[in-house]
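Residue numbers (the working numbering): 12 to 635. Glycine included, C-beta positions come from ideal geometry on N, C-alpha and C.
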């Protein structure tokens with residue numbers, strides 16, 4: 012979110028978070044209320060039930076007043092049955108309305124929570140890599156779980172409390188002013204004091220609530236990191252260190268939560284005390300009026316009842332305001348996620364072209380943005396990139412790749428190899444320079460078109476929950492079983508799959524914990540083949556497989572890469588021999604470029620790397 016109320020700041024642990032304006036932000040709550048407005052019917056019923064309950068509750072003291080005064084005047088001739096009927100009627104109204112607003116509030120809470128979580132999840136799918144670079148998984152999870160839960164609670168039940176309390180206060184105020192204006196003023200004089208107290212506590216409760224949500228997010232992140240890294244933790248016997256670190260997160264959450272609880276513990280009793288003092292003043296003055304004969308007993312009883320009733324919704328509103336402060340801290344984070352804009356997206360011209368384009372058949376020569384569908388040339392022209400201004404990752408990269416070419420990228424760890432292909436894929440855009448596709452700046456083409464033409468096999472392959480078939484079919488959800496089998500054969504995954512008792516229907520579980528790293532790579536490779544991409548990215552794809560499996564993949568690659576543009580980031584230089592061209596990246600620059608043989612003849616950095624790897628392999632063979 013990038014308006015005047017928000018700016019990016021760094022908090023502890025290097026997490027980047029937005030800084031928010033102080034005080035209640037009406038624009039923020041107006042934005043959130045859009046999720047509730049969708050359910051207008053439920054809102055109208057909820058508000059109507061709240062108002063109906065409040066008005067019925069305000070009528071009870073009037074019946075009591077009439078009963079006492081009538082009984083005092085008429086004695087045994089008082090028609091008690093009539094009063095009983097009126098009382099029973101009001102009870103029916105209260106019971107019916109109470110059922111209605113409890114049911115509708117619960118219904119709204121469920122629906123609004125679903126919609127906010129869905130909106131947040133959908134936006135997470137759109138956001139650029141840079142958003143995730145600054146925010147860990149646990150931080151994001153907290154926004155769609157605990158923050159969202161608190162937010163939906165205040166949106167549903169808070170609306171109910173607001174309308175019920177306001178309606179009851181207004182009804183009681185009107186009744187008191189009509190019955191006894193002077194006594195009413197004694198009670199109402201406490202309202203400005205209550206407003207000042209609420210205003211004072213509003214800020215400090217909001218600030219402490221923000222500290223609680225930040226600490227909770229860090230704690231959730233620590234949970235997630237501990238679970239994901241449990242094998243590494245045990246391998247390095249880091250349990251005690253992790254315990255100490257987690258204890259620190261938990262301790263900070265405890266401190267912030269206790270401070271927030273203390274502030275609420277002071278605020279609410281203070282409101283109750285002010286209300287009690289006003290009630291006492293009304294009781295003393297009313298008693299004097301009763302003794303002087305200026306006030307009937309029924310009126311005094313009704314008025315004291317009203318006084319106590321008046322401060323009940325005041326206390327409810329005070330509690331609601333305190334909850335609002337705490338919920339706003341959650342609301343700020345949820346909305347910053349829901350409304351976050353991807354750093355990389357289609358520009359206005361591309362969006363206009365897509366909106367006016369006719370639907371194209373899959374075999375059409377035109378893409379969704381109206382330009383040529385197929386990719387026959389990629390050019391990087393003077394491309395530089397940096398994550399931080401003072402730390403360039405790539406500098407003055409110039410590279411042209413034509414359809415059918417395979418480019419191997421080698422170099423030291425951290426030299427910029429993966430960043431280069433990420434820029435080609437437009438996961439990031441150059442800090443300076445251009446990337447051209449078919450001689451056209453790729454920012455003038457559809458982002459969806461480009462990325463739907465990618466096939467990627469990464470060094471660490473992600474396996475989704477589901478079967479082997481589900482994971483391979485992720486590359487093309489509409490693929491037939493025949494295409495699935497073909498992709499498995501080309502990738503070298505066929506034998507692996509056939510060894511499983513359930514074959515393609517073998518469940519893999521979360522993260523594919525049943526598979527070795529090499530087996531995950533084969534599944535990922537089959538997935539990329541099934542996608543039938545125009546650009547194939549192999550990022551250290553064979554680093555986790557044995558030499559036999561690597562040979563199978565190489566045989567499959569020869570067929571798969573035919574007619575495509577391929578980028579192969581290689582650690583094992585044995586995989587670079589068949590590349591049409593090899594580029595060496597050192598400290599963010601292309602320092603060498605050529606075929607395997609020409610670079611060996613050159614005797615530069617590539618030749619040194621190749622010789623060292625051959626010596627290392629020979630040494631290992633001797634040891635065996």
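Residue from the options with nearest C-alpha to residue i
i           : options               : result
residue 495 : 543, 471, 523 and 95  : 543
residue 358 : 456, 409 and 315      : 456
residue 706 : 123, 78 and 225       : There is simply no residue 706 to check, as the chain begins at 12 and stops at 635 in what is shown.
residue 130 : 254, 352 and 178      : 352
residue 470 : 498, 398, 549 and 525 : 549
residue 289 : 230, 195, 252 and 259 : 195
residue 226 : 251, 298 and 271      : 271
residue 177 : 277, 44 and 326       : 326
residue 185 : 621, 472, 318 and 479 : 318
residue 134 : 413, 568, 361 and 348 : 348
residue 49  : 167, 498 and 202      : 167
residue 427 : 394, 508 and 592      : 394
residue 73  : 94, 503, 414 and 86   : 94
residue 68  : 274, 163, 316 and 147 : 316
residue 256 : 275, 279, 230 and 240 : 230
residue 571 : 388, 415 and 312      : 415
residue 84  : 340, 36 and 309       : 309
Contact check, residue i vs residue j, beta carbons under 9 Å
i           : j           : result
residue 446 : residue 391 : yes
residue 561 : residue 585 : yes
residue 431 : residue 448 : no
residue 437 : residue 355 : yes
residue 314 : residue 187 : yes
residue 411 : residue 578 : no
residue 541 : residue 490 : yes
residue 127 : residue 162 : yes
residue 477 : residue 519 : yes
residue 279 : residue 330 : yes
Sheet register partners of residue i (DSSP bridge)
i           : result
residue 518 : 478
residue 446 : 391
residue 78  : Answer by DSSP bridge pairing: none, since residue 78 is not bridged.
residue 71  : Looking at the DSSP assignment, residue 71 forms no beta bridge with any residue, so it has no partner.
residue 2   : This structure does not reach residue 2, given that the chain is present from 12 up to 635, and the question cannot be answered.
residue 411 : 390
residue 383 : 377
Endpoints, the beta strand (DSSP E) within which residue i is located
i           : result
residue 603 : 600-605
residue 397 : 388-399
residue 417 : 417-422
residue 465 : 465-468
Boundaries of the alpha helix (DSSP H) in which residue i is found, first to last residue
i           : result
residue 573 : Counting along the chain, residue 573 falls outside any alpha helix (DSSP H), and DSSP gives it neither H nor E.
residue 545 : Element bounds for residue 545: n/a, residue is neither H nor E.
residue 158 : Neither: residue 158 is in no alpha helix (DSSP H) and is coded neither H nor E.
residue 49  : Careful: residue 49 lies outside any alpha helix (DSSP H) and carries neither H nor E.
residue 147 : Taken as a continuous stretch (DSSP letters only), residue 147 belongs to no alpha helix (DSSP H), as it is neither H nor E.
residue 506 : 505-510
residue 355 : Premise fails: residue 355 is in no alpha helix (DSSP H) and is neither H nor E.
residue 430 : 428-435
residue 492 : 492-502
residue 645 : Since the first and last residues shown for the chain are 12 and 635, residue 645 lies out of range.
Residue i, DSSP secondary structure in three states
i           : result
residue 615 : coil
residue 455 : helix
residue 9   : Only positions 12 to 635 of the chain appear in the structure, and residue 9 is not among them; the question remains open.
residue 372 : In this predicted model, residue 372 has a pLDDT of only 49, less than 50, meaning its place in the structure is not dependable enough to derive any value.
residue 300 : helix
residue 114 : helix
residue 438 : coil
residue 580 : strand
residue 85  : helix
residue 36  : coil
residue 592 : strand
residue 406 : strand
residue 678 : Shown here, the chain extends from 12 to 635; a query on residue 678 therefore has no answer.
residue 249 : coil
residue 260 : helix
residue 513 : coil
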